[in-house]
Amino acid sequence: MSDLIEINGFTNATLGWKAWLDVVKLDSATPEQIAVLEESHPKAKVSDYYLFLVHQPEVLKQRSIAFNAIMYAPGGMPRAERELGATVVSRINGCVYCASVHAQRFEQLAKRNDAITEVFNNPHTAGTSARERAIVDFSIALTSQPNEIPPARIQALKDVGLTEIEILDLIHSVAIFAWANRLMLNLGEPVFDQTGG
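For the sequence shown, position 157 (counting from the first letter as 1) is numbered 144 according to our numbering, and the numbering increases by one without interruption.
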């Protein structure tokens, strides 16, 4: 990982997350719950987040299918830009845990962290290029005022070179983090000083 960033309570450090409610214990999980955990995420069996959500295995299964398709599907918007959008949404929503995870992913994919420093410092002025600024601005607007996105906001993305499929990818990534942040913020809290997330 690149240099540690800690700004305004946000960080690119690896954090843990602790559920406030009871999680499913692996030794008493059903075969269906185990199967859903195994297909959801490599660390799902040791993550309070997944171990709580697997109380409803079908919901977790569908959530993981949608999340993985939105964030990891080939083609469309470059993955680093999807991660930038996710980081911006998490910063605006105040989700320290999600912001840390997606800041790290952006850095791994983009091989730089300047945009993350800017997002953590002040998302309203962040972006190292016109394209990044447009992505950040749109992510803020869709997060803050989802019912007030005029055609001009979409045109601003086209004006910096985003294709229609890239715009759809950005909307998907911003929208799923409106949901993901709310789950993380209302079901538990980040745990700092982790070595393995």
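Ideal Cβ positions, reconstructed from N, Cα and C, are used throughout, including at glycine.
Could you check whether residue j and residue i sit closer than 8 angstroms to each other, using their CB atoms as the reference points?
| i | j | result |
| --- | --- | --- |
| residue 78 | residue 164 | no |
| residue 157 | residue 72 | yes |
| residue 178 | residue 4 | yes |
| residue 74 | residue 53 | no |
| residue 26 | residue 51 | yes |
| residue 126 | residue 0 | no |
| residue 83 | residue 130 | no |
| residue 147 | residue 121 | yes |
| residue 24 | residue 36 | no |
| residue 175 | residue 7 | yes |
| residue 76 | residue 42 | no |
| residue 67 | residue 93 | yes |
| residue 159 | residue -6 | no |
Would you identify the three-state DSSP class for residue i, choosing helix, strand or coil?
| i | result |
| --- | --- |
| residue 179 | coil |
| residue 79 | helix |
| residue 60 | coil |
| residue 0 | coil |
| residue 136 | coil |
Let me check one thing: in DSSP terms, what residues is residue i bridge-paired to?
| i | result |
| --- | --- |
| residue 150 | Note: residue 150 sits in no beta bridge, so no partner. |
| residue 12 | Its beta-bridge partners do not exist; DSSP assigns none. |
| residue -7 | -2 |
| residue 5 | 176 |
Going by the C-beta, is residue i closer than 7 angstroms to any heavy atom of the ligand ATP?
| i | result |
| --- | --- |
| residue 48 | For the ligand ATP, the structure offers nothing, since it holds no ligand at all. |
Roughly how many angstroms lie between the CA atoms of residue i and residue j, to the nearest whole one?
| i | j | result |
| --- | --- | --- |
| residue 108 | residue -8 | 10 angstroms |
| residue 171 | residue 154 | 26 angstroms |
| residue 151 | residue 110 | 24 angstroms |
| residue 65 | residue 55 | 14 angstroms |
| residue 183 | residue 139 | In this prediction, residue 183 scores a pLDDT of 43, lower than 50, which makes its location untrustworthy; the coordinate-derived value is nonetheless stated afterwards. Computed Cα separation, rounded: 43 angstroms. |
| residue -12 | residue 101 | Reliability of the predicted coordinates at residue -12 is poor, the pLDDT of 47 falling under 50, and the value obtained from them is presented with this limitation in mind. Between residue -12 and residue 101, the C-alpha separation is close to 13 angstroms. |
Completely contained alpha helix (DSSP H) runs for the stretch 15 to 47, where each covers 4 or more residues: Complete alpha helix (DSSP H) runs here, min 4: 18 to 27, 35 to 40.
task: Within the stretch 85 to 125, note down every full alpha helix (DSSP H) run reaching 4 residues or more, in order along the chain.
output: If one requires a minimum length of 4 residues, the alpha helix (DSSP H) runs lying completely within the stretch 85 to 125 are 101 to 108, in chain order.
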